[in-house]
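Report on the structure given below.
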Amino acid sequence: MRYQLKYKPFGEQSVLIEWPQIISKEILKDVLSFKAKLEAEKRIYDVNHAYNSLLITFSDFTNDLESEINQLEAIYNRAHVVNKHSFKRWRIPVCYDIHFGIDLNELALTNNLSIDEVIQRHSISNYTVYFIGFLPGFLYLGGLDKTLNTPRKASPRLKIEKGAVAIGGGQTGIYPSESPGGWNIIGNSPINFFNVQEQTPCFANAGDEIQFYPVSLKQHADIKTLVDAGVYHLESEVIND
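Written out as structure tokens, the structure is:
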């Protein structure tokens with residue numbers, strides 16, 4: 001499917017391209033197809049994407065916006081010649097024990113659910129990785145069960161533990177490192193989501209899926225021991241659209 005895109009100048013060397021302002025897997029696939037084509041263009045220095053936009057930085061911007069837009073539109077049309085994608089679905093262990101899930105009880109009460117219902121609904125979904133940002137390795141995920149939507153905290157905490165699994169508004173995510181934050185903490189994952197020692201510091205890419213599964217406190221500790229020793233291997237499978 002082709003979308004009506006908006007092209008806007010952004011600074012001296014960049015153009016912002018916008019899709020319809022909704023969070024959609026189909027739009028994400030379209031964004032990624034276009035991004036792949038743009039990254040092959042020699043004149044383009046950098047391409048960054050968000051939920052429904054691309055920010056393109058040129059190495060030699062001509063200052064003729066109409067000409068640049070015409071070229072970008074031609075590339076966009078070419079991006080639809082091949083529109084097949086292969087991604088991965090990653091299985092991520094999460095301990096939902098109240099030792100880690102410090103906001104779990106409050107979140108359950110807010111949404112008129114039991115703690116077990118929160119855990120079941122949070123761990124049954126497949127979440128799409130839309131982009132990575134805020135912190136290195138922080139995955140922006142779509143697909144949260146609407147019954148779990150919970151406003152962010154009025155007063156953010158100064159310190160959120162590494163691996164904290166949280167809900168903020170209609171999103172869920174994992175803090176890849178210790179950080180301030182205002183999301184509601186419901187558990188913890190012992191996995192490293194960003195490791196500078198690895199050739200690919202963050203294992204997940206935009207378009208991949210995340211599936212959480214519950215583990216006990218002991219299982220969490222055992223997995224963390226393996227992760228710290230560098231011998232833990234994440235479960236994953238290839239998925240195609």
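Take the UniProt record's numbering: the final residue in the sequence shown is number 241, and no numbers are missing along the way. Glycine residues also receive a C-beta, built at the ideal position from the N, C-alpha and C atoms.
{"Asked": "Could you tell me the distance, in whole angstroms, from the CA atom of tyrosine 175 to the CA atom of leucine 55?", "Found": "25 Å"}
{"Asked": "Report the start-end ranges of each beta strand (DSSP E) in the segment 169 to 214 that is 3 residues or longer and not cut off at the edges.", "Found": "171 to 174, 179 to 181, 184 to 188, 209 to 214"}
{"Asked": "Would the segment 111 to 118 and the segment 223 to 236 be scored as touching if the rule is three or more Cβ pairs under 8 Å?", "Found": "no"}
{"Asked": "For the alpha helix (DSSP H) holding tyrosine 76, just list the boundary residues, first then last.", "Found": "65 to 78"}
{"Asked": "Which partner residues of aspartate 46 appear in the DSSP bridge assignment?", "Found": "Thr57"}
{"Asked": "State yes or no: is the C-beta of glycine 169 within less than 9 Å of the C-beta of isoleucine 191?", "Found": "no"}
{"Asked": "Inspect the beta-carbon positions of tyrosine 96 and leucine 107 and report whether they are closer than 9 Å.", "Found": "no"}
{"Asked": "According to DSSP, simplified to helix, strand and coil, what is asparagine 105?", "Found": "helix"}
{"Asked": "When DSSP builds the beta bridges, which residues end up paired with isoleucine 160?", "Found": "Ser179"}
{"Asked": "Applying the 10 Å Cβ sphere with the 16-neighbour rule, what's the burial state of glutamate 209?", "Found": "buried"}
{"Asked": "Taking the C-alpha atoms as reference points, what is the distance between alanine 154 and asparagine 184?", "Found": "11 Å"}
{"Asked": "Any idea which residues DSSP pairs threonine 110 with across the strands?", "Found": "The partner list for threonine 110 (beta bridge, DSSP) is empty, contrary to what the question assumes."}
{"Asked": "On the DSSP letters alone, give me the boundaries of the alpha helix (DSSP H) that residue 246 sits inside.", "Found": "The requested residue 246 is not part of the displayed model; the chain covers only 1 to 241."}
{"Asked": "DSSP three-state call for isoleucine 223: helix, strand or coil?", "Found": "helix"}
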